[in-house]
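Position in the sequence shown (first residue = 1) + 2 = this note's numbering. Using N, Cα and C, we set each Cβ at its ideal position, and we do this for glycine too. Remarks on the structure that follows.
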Amino acid sequence: MTHILIVGGGYVGMYTAIRLQRKLRAGEARVTVVDPQPNMTYQPFLPEAAAGSIEPRHVVVPLRRVLPKCTVVTGKVTSVDHERKIATVVPAEGLPTSMPYDILVMAAGSVSRTLPIPGLAESGIGFATVGEAIYLRNHVLSRLDVASSTPERKERALTFVVVGGGYAGVEVFGELEDMARYALRVHKGLSAADMKWVLVEAADRILPEVSPVMSDYTIRRLTDRGMQVRLNTKLVSMAGGRVELSDGTCFEADTVVWTAGVKANPLAMRSGMPIDFRGRLICTETLQARGLQGVWGAGDSAAVPDLTGLGALCTPSAQHAVRQAKVLADNIIATLRGGKIKPYKHKHVGSVASLGLHKGVAQVYGIRLRGWPAWLMHRAYHWSRVPTAGRKLRVLVDWLTVLLSRREIVSLGQIQDPRRDWEVVVRETTHSLKGNTRTQ
Ligand SMILES: Cc1cc2nc3c(=O)[nH]c(=O)nc-3n(C[C@H](O)[C@H](O)[C@H](O)COP(=O)(O)OP(=O)(O)OC[C@H]3O[C@@H](n4cnc5c(N)ncnc54)[C@H](O)[C@@H]3O)c2cc1C
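Here's what the structure looks like:
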């Protein structure tokens with residue numbers, strides 16, 4: 003039986019597999035999905051998960067539940083030898099294995115584009131996974147506790163920096179500030195004026211997905227809240243928690259979130275496949291890897307021509323990833339049955355972004371929305387897109403809960419390091435027992 007191997011269970015991987023399992027006839031092919039995570043993450047909801055409007059578990063979809071007819075392997079594809087049609091898979095635990103395939107779908111998405119900035123690896127954090135969203139929520143709330151309890155640490159604890167003004171950066175900036183402002187209500191002696199929120203962007207504007215008018219509007223809305231947006235500025239250093247910007251500004255901060263762009267997953271490059279200058283697998287408009295029989299690609303890790311003429315290549319977005327997955331699955335089935343394959347063509351309809359509870363900016367089909375209407379549009383659009391009816395219900399219940407009761411401001415900082423207290427207790431007991439034995 004033909005073996006279809008899908009590398010990555012994100013947007014492209016999961017939607018391709020769902021469509022294949024629905025459309026393949028019995029005995030026609032078997033499908034394996036390999037991903038280091040057992041879940042697909044609905045990334046556009048991560049800022050709301052970080053802000054506590056959505057329970058983090060509800061922004062991920064368990065792959066094994068939605069793919070009952072596929073084999074799901076929790077592991078990482080570390081290289082592909084396409085001449086021999088063998089992928090090397092390193093499982094979550096255990097030894098690397100060789101996985102033969104007939105058809106390969108490259109859908110490993112993107113990784114953060116970072117720079118060798120002093121202190122970034124030790125003290126910065128990215129924002130692309132549910133783990134990072136949970137960490138940031140707990141971390142920001144814990145900084146308010148520190149500022150309340152240790153006045154000499156207040157300034158540093160209440161300084162928050164986000165680097166990168168794309169939708170991920172702007173949304174996490176707006177949502178986290180909104181949550182922190184709300185949480186401050188229970189901190190006697192602290193006010194919003196004590197907080198310093200700085201968005202650092204190297205270009206001369208933020209949100210390149212919307213028009214300059216909407217980008218300027220977003221900056222005004224953020225600065226009206228007392229937040230700083232520094233354009234044409236770069237992070238130079240953050241060694242020891244001391245943030246240094248290219249405009250000469252220096253200050254201390256406990257929190258630096260890095261969202262300054264993404265680059266293609268290096269798997270295609272490592273496997274000697276044809277890649278473009280950004281490391282993306284070069285694909286044709288029918289989503290086949292150029293010059294490689296039986297290899298397909300889509301999403302953030304693929305360079306796919308944009309046939310609508312909006313740009314030379316499709317931009318890395320969920321919008322393209324979901325639609326490309328549909329065409330990709332149909333084209334694989336067409337090749338198995340000797341049918342005709344179709345090109346991918348979709349006009350990017352626009353962008354929606356949330357800037358906190360009841361605040362947003364949107365530009366869809368050329369229509370510009372601001373404030374409440376944009377925020378509602380953001381929620382309606384993403385709610386309609388989040389996979390499975392079960393997730394939709396859970397997200398709706400989360401929103402209603404926040405609407406009807408108050409926002410949850412519990413900081414579960416302990417979950418970042420749950421064994422610490424345990425290890426201290428065990429060490430102390432061992433130590434005192436040794437001491438007792440010696441005195442006897
Ligand atoms: C915070 C945030 C907000 C966003 N908001 C929006 C938005 O509002 N609108 C929008 O259009 N887009 C948005 N995006 C972008 C969008 O999420 C991506 O464009 C989309 O996820 C790309 O889909 P993909 O399938 O290519 O990659 P992904 O969905 O990232 O999937 C890649 C998968 O591959 C897996 N993988 C990685 N390496 C390996 C390996 N070696 N072996 C096996 N598996 C591997 C990963 O674990 C992951 O599950 C946002 C992104 C972020 C981070």
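Going by beta-carbon coordinates alone, are residue i and residue j separated by less than 9 Å?
| i | j | result |
| --- | --- | --- |
| residue 392 | residue 13 | no |
| residue 67 | residue 327 | no |
| residue 47 | residue 397 | yes |
| residue 223 | residue 363 | yes |
| residue 122 | residue 306 | no |
| residue 2 | residue 32 | Lying before the first or after the last residue shown, residue 2 is absent from the chain, which here runs from 3 to 442. |
| residue 168 | residue 211 | yes |
| residue 157 | residue 198 | yes |
| residue 10 | residue 319 | no |
| residue 481 | residue 358 | The requested residue 481 does not occur in the structure, where the chain is confined to residues 3 to 442. |
| residue 333 | residue 390 | no |
| residue 35 | residue 91 | no |
| residue 57 | residue 177 | no |
| residue 126 | residue 240 | yes |
| residue 310 | residue 347 | yes |
| residue 138 | residue 185 | no |
| residue 238 | residue 119 | yes |
| residue 242 | residue 256 | no |
| residue 351 | residue 329 | no |
| residue 183 | residue 170 | no |
| residue 374 | residue 384 | no |
| residue 18 | residue 331 | yes |
| residue 107 | residue 8 | yes |
| residue 164 | residue 202 | yes |
| residue 407 | residue 377 | no |
| residue 81 | residue 283 | no |
| residue 78 | residue 23 | no |
| residue 145 | residue 179 | no |
Considering residue i, what are the terminal residues of the alpha helix (DSSP H) in which it resides?
| i | result |
| --- | --- |
| residue 140 | 132–151 |
| residue 379 | 373–387 |
| residue 1 | No answer is possible for residue 1: it lies beyond the span of the chain, which begins at 3 and ends at 442. |
| residue 232 | No alpha helix (DSSP H) contains residue 232, which is instead part of the beta strand (DSSP E) from 230–232. |
| residue 217 | 214–226 |
| residue 185 | 169–185 |
| residue 49 | 48–53 |
| residue 418 | No alpha helix (DSSP H) contains residue 418, which DSSP labels as neither H nor E. |
| residue 396 | 391–406 |
| residue 346 | Counting along the chain, residue 346 falls outside any alpha helix (DSSP H), and DSSP gives it neither H nor E. |
| residue 21 | 13–25 |
Which partner residues does residue i have in the DSSP bridge list?
| i | result |
| --- | --- |
| residue 91 | 79, 99 |
| residue 246 | 239, 252 |
| residue 271 | None, per the DSSP bridge assignment. |
| residue 34 | 7, 73 |
| residue 127 | 259 |
| residue 285 | 291 |
| residue 339 | The partner list for residue 339 (beta bridge, DSSP) is empty, contrary to what the question assumes. |
| residue 106 | 7, 297 |
| residue 265 | 113 |
| residue 370 | 365 |
| residue 188 | Residue 188 is not bridged to any residue. |
| residue 277 | 283 |
| residue 312 | Answer is none; residue 312 lacks a bridge partner. |
| residue 307 | 315 |
Terminal residues of the continuous beta strand (DSSP E) containing residue i?
| i | result |
| --- | --- |
| residue 162 | 161–165 |
| residue 302 | Element bounds for residue 302: n/a, residue is neither H nor E. |
| residue 201 | 198–202 |
| residue 352 | 352–356 |
| residue 61 | Element bounds for residue 61: n/a, residue is neither H nor E. |
Heavy atom of ligand 3 less than 8 Å from the Cβ of residue i, yes or no?
| i | result |
| --- | --- |
| residue 175 | As presented, the structure is devoid of ligand 3, carrying ligand 1 as its sole ligands. |
Taking 8 Å as the threshold, find out whether the region 216–225 comes into contact with the region 258–267 through three or more Cβ pairs.
no
Any 3 or more C-beta pairs closer than 8 Å across the region 148–160 and the region 63–83:
no
Is it the case that the region 85–103 contacts the region 234–249, given that we only count it when at least three CB pairs across the two stretches are under 8 Å?
no
Does the region 83–94 touch the region 380–394, meaning 3 or more C-beta pairs lie closer than 8 Å?
no
contact_flag[the region 36–50, the region 219–239] where n(CB pairs < 8 Å) is 3 or more
no
Is the region 267–281 touching the region 291–298 in the sense that three or more CB pairs, one from each, lie closer than 8 Å?
yes
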